[in-house]
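Written out below as structure tokens is the structure these notes cover.
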Amino acid sequence: MANELILIVEDMDLLREGLREILVNEGFSVITARNGREALDQMHNKVPELIVSDITMPVMDGIDFYSAVRARKEWIGIPFIILSARSEPADFTVSRHLGVDDYLVKPVSRDELVNTVRSRLGRFQQAQMARVQQAYLDSLIAMANAIETRTHQISHHIENITIFSMLIAEHMGWAGRRLSTLRFAAILHDIGKIHIPGNILFKTGPFSPEEWELVRKHPITSAEMIKDVPFLLDCVPFVRHHHERWDGQGYPDGLSGEEIPDGARILCVADCLDAMTTDHSFASARSLDDALENIISLAGIQFDPSIVLALQTIWRDGRLGLFHSGQR
Ligand SMILES: [Fe+2]
Ligand SMILES: [Fe+2]
441 MANELILIVE
451 DMDLLREGLR
461 EILVNEGFSV
471 ITARNGREAL
481 DQMHNKVPEL
491 IVSDITMPVM
501 DGIDFYSAVR
511 ARKEWIGIPF
521 IILSARSEPA
531 DFTVSRHLGV
541 DDYLVKPVSR
551 DELVNTVRSR
561 LGRFQQAQMA
571 RVQQAYLDSL
581 IAMANAIETR
591 THQISHHIEN
601 ITIFSMLIAE
611 HMGWAGRRLS
621 TLRFAAILHD
631 IGKIHIPGNI
641 LFKTGPFSPE
651 EWELVRKHPI
661 TSAEMIKDVP
671 FLLDCVPFVR
681 HHHERWDGQG
691 YPDGLSGEEI
701 PDGARILCVA
711 DCLDAMTTDH
721 SFASARSLDD
731 ALENIISLAG
741 IQFDPSIVLA
751 LQTIWRDGRL
761 GLFHSGQR
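Each step along the sequence shown adds one to the number in this note's numbering, with nothing skipped, and position 83 is 523.
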């Protein structure tokens, strides 16, 4: 199964070969070195995904080798397992102090070696995956915020709609992948506004029919912009329909009631709540109480009544108020 690259650093030929054979038999690719210096030379050609290293070695010992590896930014995350001949408390203390990931005492059994390597690689790969996902999320937020603040206004719109929609959805029992799809949809719902000229988007007076036509296209443009990204495919219906109304009077497709995708109905409530409680060039911010009263009065007209009910409960529990006052 696995063919991750493991570097074994051990000065005793027989032992180094034995360790290599065990890991090769388990399906790993293995490179070896006789001391820290040789290992560093190897690493300049091929960067391993995990290192198993002896401590006591000629030329460069395991502790110096560990420090040299951790001194390089690009090698700092490579899992490092120390393998020592003695259960020497001093070695153990130094290793722990340095932050060595695992410490195995020779003679180490085949199972102990393989299990330690596997579990350390597994944890490392999970952490890597989490970092990549977080970086992806951060990039999307940065892009969405850049579009939102084209006129250099400070805006919390992306942040607020994301948190409001998460609060509502979690209250309604959403979890896991469904919830994260909604989170991405909240971040990306208005990216199509990049195609609306600034003089229209931030106009203080009413729109001409042509300008209004252009503004009403933004959910379609947002959906078009993400439809070819496989990871974001599930977000497309939520993004496209976030301006539909429960009574069918919304845009772009005039869907009504439960024809509107559930995530889009949540985004619609969260979007309006933030719009009402934020200062705009065309209207000043309402209080949260005032905005909620307005949203409640539009349940069954503009908004899905069950979502408005969820919002009311969150508000009554104090969760919305606490969050909202912290934002301003
Ligand atoms: Fe929008
Ligand atoms: Fe919006």
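Think of the CB as a built atom: it goes at the ideal place given N, C-alpha and C, for glycine as much as any other residue.
As the structure is a prediction and not an experimental result, all values here were calculated from the model.
Asked: Neighbourhood of Val679 by C-beta, 7 Å cutoff - its chain only, sequence neighbours within 5 removed; Found: Ala625, Leu628, His629, Pro659, Ser662, Ala663, Ile666
Asked: Sequence ranges, beta strand (DSSP E) only - wholly within the stretch 460-519, length at least 3; Found: 469-473, 490-494
Asked: Cβ neighbour criterion (16 or more within 10 Å) applied to Thr717; Found: buried
Asked: Runs of beta strand (DSSP E) lying entirely within the stretch 597-676, each at least 3 residues, in chain order; Found: none
Asked: Span separating the alpha-carbon of Thr472 from that of Asp451; Found: 10 Å
Asked: Cross-strand partners of Asp542 (DSSP beta bridge); Found: Ile521
Asked: Inter-residue CB distance, Ala508 and Gly476 (contact presumed, cutoff 8 Å); Found: 7 Å
Asked: Best match in Leu619, Ile634, Gly562 for proximity to Asn585 [C-alpha to C-alpha]; Found: Ile634
Asked: Assigned exposure category for Thr644 - 16 Cβ within 10 Å defines buried; Found: exposed
Asked: Neighbouring residues (CB closer than 5 Å to any heavy atom of ligand 2); Found: Asp630, Asp711
Asked: Check: Pro692 C-beta below 7 Å from any heavy atom of ligand 1; Found: no
Asked: Inter-residue Cα distance where the pair is Leu455 and Gly613; Found: 55 Å
Asked: Helix, strand or coil at Ile741 [DSSP, three-state]; Found: coil
Asked: Alpha helix (DSSP H) segment containing Ile446, residue limits; Found: Premise fails: Ile446 lies in the beta strand (DSSP E), 445-449, not in any alpha helix (DSSP H).
Asked: With 16 other Cβ atoms within 10 Å as the buried cut-off, status of Gln689; Found: exposed
Asked: Any non-hydrogen atom of ligand 1 closer than 7 Å to His597 Cβ; Found: no
Asked: Inter-stretch contact (C-beta, 8 Å, three-pair minimum) for the stretch 598-611 and the stretch 745-760; Found: yes
Asked: Alpha-carbon spacing of Gln574 relative to Ser620, whole angstroms; Found: 12 Å
Asked: Nearest-angstrom Cβ-Cβ length linking Glu684 and Ile706, presumed shorter than 8 Å; Found: Not confirmed; about 12 Å, so no contact.
Asked: Three or more C-beta pairs below 8 Å linking the stretch 553-564 and the stretch 513-520; Found: yes
Asked: Buried or exposed (CB count within 10 angstroms, at least 16 for buried), Thr496; Found: exposed
Asked: Pair within 8 Å by beta-carbon distance, Ser493 and Leu523; Found: yes
Asked: Element boundaries [alpha helix (DSSP H), containing Ile581]; Found: 550-588
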